[in-house]
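Student: For reference, the structure I am asking about is given below.
Residue numbers (our numbering): 7 to 226.
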């Protein structure tokens, strides 16, 4: 209507026709991509290719605020890599204690108490369960009890410094684990901050696109 009324120059009208043709071509390409992806989805879930699959789109955006402090606290508490480094550090501390304990006096105490009773062989195969039980109980009362206690004492007499070196090596592993834990926490904090920044940037781009959409509607 604007072209018929002479409001739009001929060159601009031709350019708009070119833009329209390009947009229509883009729509055809998008429809082709949608058809191919639809067939791929049908093959993945076992649907026949003739089955109609509809795509329902919803461009409504829900804006919400992100608390940086809460996000950082949640990430540091539940990120798997942070928890893994904490476990590794604890295991390294246990190894230090175990290694240091090798040069100390060790006492192992073991005890046992044995009761055994055998039924009388003269009862025969056809004896009842009660007779066998009473015979075994009488044998237990008659048989002497078997019990004892073992004490094993290990005393290190000489160490050329090997144990001390092993302890120092284990302590170095603890220090390395501590550094890894600190570094992982810093990396997690960086990732969370970057995610929040990207979120704010995306929300800003959405506002700009809404303004561009409003300008485009007013222009046409």
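In this text, a Cβ means the ideal position worked out from N, Cα and C, and glycines have one as well.
Please classify residue 212 as buried or exposed, where buried requires at least 16 neighbouring CB atoms within 10 angstroms.
Tutor: Residue 212 sits at position 206 when you count from the first residue of the chain shown. That one is exposed.
Student: Could you name the residues that DSSP lists as bridge partners for residue 152?
Tutor: Here residue 152 refers to the residue found at position 146 when the chain shown is read from its first residue. BP columns for residue 152 point to 120.
Student: Kindly identify the DSSP beta-bridge partner or partners of residue 106.
Tutor: For the purposes of this step, residue 106 is identified with residue 100 of the chain shown, where counting begins at 1. Answer is none; residue 106 lacks a bridge partner.
Student: CB residue 152 to CB residue 120, shorter than 8 Å?
Tutor: Walking along the chain shown from the start, residue 152 turns up at place 146. Walking along the chain shown from the start, residue 120 turns up at place 114. Contact flag set, yes.
Student: Between the C-alpha atoms of residue 41 and residue 32, what's the straight-line distance to the nearest angstrom?
Tutor: Reading the chain shown from its first residue, position 35 is the one you call residue 41. Reading the chain shown from its first residue, position 26 is the one you call residue 32. Straight-line Cα distance between these residues: approximately 14 Å.
Student: Where does residue 67 sit, in a helix, a strand or coil, going by DSSP?
Tutor: Taking the chain shown and counting its residues from 1, the one referred to as residue 67 is at position 61. Coil.
Student: May I ask you to verify whether the stretch 165-185 touches the stretch 137-154, counting CB pairs closer than 8 Å and requiring at least 3?
Tutor: Contact fails: fewer than three Cβ-Cβ distances are below 8 Å.
Student: Please report the distance separating the alpha-carbon of residue 192 from that of residue 85.
Tutor: On the chain shown, residue 192 is found 186 positions in, with the first residue counted as 1. On the chain shown, residue 85 is found 79 positions in, with the first residue counted as 1. Roughly 12 Å between the two C-alpha positions.
Student: Return the chain-ordered ranges of every beta strand (DSSP E) run that is complete within the stretch 151-184 and spans a minimum of 3 residues.
Tutor: Counting whole runs of 3 or more residues, the stretch 151-184 contains the beta strand (DSSP E) stretches 152-160.
Student: Per DSSP, residue 112 forms a beta bridge with which residues?
Tutor: The count along the chain shown starts at 1 and reaches residue 112 at position 106. Beta-bridge pairing links residue 112 to 160.
Student: DSSP three-state call for residue 29: helix, strand or coil?
Tutor: Translated into positions along the chain shown, residue 29 becomes position 23. Residue 29: helix per DSSP, three-state reduction.
Student: Quick check: the stretch 62-78 against the stretch 197-207, are there 3 or more CB pairs under 8 Å?
Tutor: Output reads yes: the stretch 197-207 touches the stretch 62-78.
Student: Using beta-carbon positions only, say whether residue 95 and residue 184 come within less than 8 Å of one another.
Tutor: Indexing the chain shown from 1 puts residue 95 at position 89. Indexing the chain shown from 1 puts residue 184 at position 178. Closer than 8 Å, so yes.
Student: Taking buried to mean at least 16 other C-beta atoms within 10 Å of its own C-beta, is residue 203 buried or exposed?
Tutor: Here residue 203 refers to the residue found at position 197 of the chain shown. So residue 203 counts as exposed.
Student: For residue 161, tell me which candidate among 182, 113, 190 and 126 has the shortest Cα-Cα distance.
Tutor: One-based indexing of the chain shown puts residue 161 at position 155. It is 113 whose Cα lies nearest to the Cα of residue 161.
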